[in-house]
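J.:
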Amino acid sequence: MSDFFELIARRESCRSYAATPVEEEKLLRCLDAARLAPSACNGQPWSFLAVRTPTLAAQLAACTQSAGMNRFTSACPCFVVLVEEKDSLTARAGARLKKQDFVSLDLGLAAAQFCLAATAQGLSTCMLGWFDEDRVRALLDIPGDRRVRLIICLGYAAETGAPRPKNRKPLDAVVTLR
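The numbers in my numbering rise by one with no breaks, and the one at position 129 of the sequence shown is 823.
(1) In angstroms, rounded to a whole number, what distance separates the CA positions of VAL868 and ARG862?
(2) Can the beta-carbon of LEU801 be found closer than 8 Å to that of LEU844?
(3) What residue does the beta strand (DSSP E) around THR819 start on, and which one ends it?
(4) Leaving out the 5 sequence neighbours to the left and right, which residues in its chain are closer than 8 Å to VAL716 when beta-carbon positions are compared?
(5) Could you pull out every residue in the same chain whose Cβ sits closer than 8 Å to the Cβ of LEU803, ignoring the five residues on either side in sequence?
(6) Using 8 Å as the threshold, is the C-beta distance between THR758 and PHE825 below it?
(7) Does the pairing of the region 785–800 with the region 710–727 give three or more beta-carbon distances under 8 Å?
(8) On the DSSP letters alone, give me the boundaries of the alpha helix (DSSP H) that GLU778 sits inside.
(9) On the DSSP letters alone, give me the boundaries of the beta strand (DSSP E) that SER741 sits inside.
(10) Can you name the start and end residues of the beta strand (DSSP E) that VAL842 belongs to?
(11) Which same chain residues end up closer than 8 Å to GLU827 when comparing Cβ atoms and leaving out the 5 residues on each side of it in sequence?
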């Protein structure tokens, strides 16, 4: 059980990647972990597009760089694009009835499991929400009725060592026990 908590402590957003390619077996294990994430009414409103060819990865990196943001992505050898797919009828009805955005929650769970699986295999990740969605959609032939919700950088950290201290609110500031 302590291994899980150590894994959570080790996972951090990497902004400096080595040129080492990501092995296909490790990439597939991360994708499988994301696929197995729980979702509302088992709707599984996701698809994952892995970009690992150097030319396409460079073009995708350019889609994440504007206003001085995400310059580090130029060195990232692999990206996984998280695409929002149509949710199941049951999950859509439940979301409407309960006024909840279950799809966003589901995608977040899948992304978290992907990142933890990467960390468990010695890989590093960074989740990006800053990108030009229209350019990404055009580059990767993603239909216009689908949303690109997140891009995850994946690779080996250029610098290794102890994880940075996590700058988080204290537990008692975010938890109420009753």
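Glycine included, each C-beta is placed from N, C-alpha and C at the ideal position.
T.: The structure says:
(1) Walking along the sequence shown from the start, residue 868 turns up at place 174. Walking along the sequence shown from the start, residue 862 turns up at place 168. A straight-line Cα-Cα distance of about 10 Å links VAL868 and ARG862.
(2) As a working mapping, residue 801 is identified with position 107 in the sequence shown. As a working mapping, residue 844 is identified with position 150 in the sequence shown. In contact: LEU801 and LEU844 (Cβ atoms closer than 8 Å).
(3) Taking the sequence shown and counting its residues from 1, the one referred to as residue 819 is at position 125. THR819 -> beta strand (DSSP E) spans 818–822.
(4) Stepping through the sequence shown from its first residue, residue 716 is reached at position 22. Here the set comprises ARG746, PRO771, CYS772, LEU817, LEU848, GLY849, TYR850.
(5) As a working note, residue 803 is residue 109 in the sequence shown. The answer, listed in chain order, is ALA731, PRO732, SER733.
(6) Within the sequence shown, the letter at position 64 stands for residue 758. Within the sequence shown, the letter at position 131 stands for residue 825. Yes; because the gap between Cβ atoms is below 8 Å, this pair is in contact.
(7) no
(8) Here residue 778 corresponds to residue number 84 of the sequence shown, with the count starting at 1. Looking at the DSSP string, GLU778 is not in any alpha helix (DSSP H); the run it does join, the beta strand (DSSP E), is 772–778.
(9) Residue numbering aside, residue 741 sits at position 47 when the sequence shown is read from its first letter. Per DSSP, SER741 belongs to the beta strand (DSSP E) from 740–745.
(10) The sequence position of residue 842 within the sequence shown is 148, counting from 1. 841–849 is the extent of the beta strand (DSSP E) around VAL842.
(11) The count along the sequence shown starts at 1 and reaches residue 827 at position 133. Hits under 8 Å: ARG841, VAL842.
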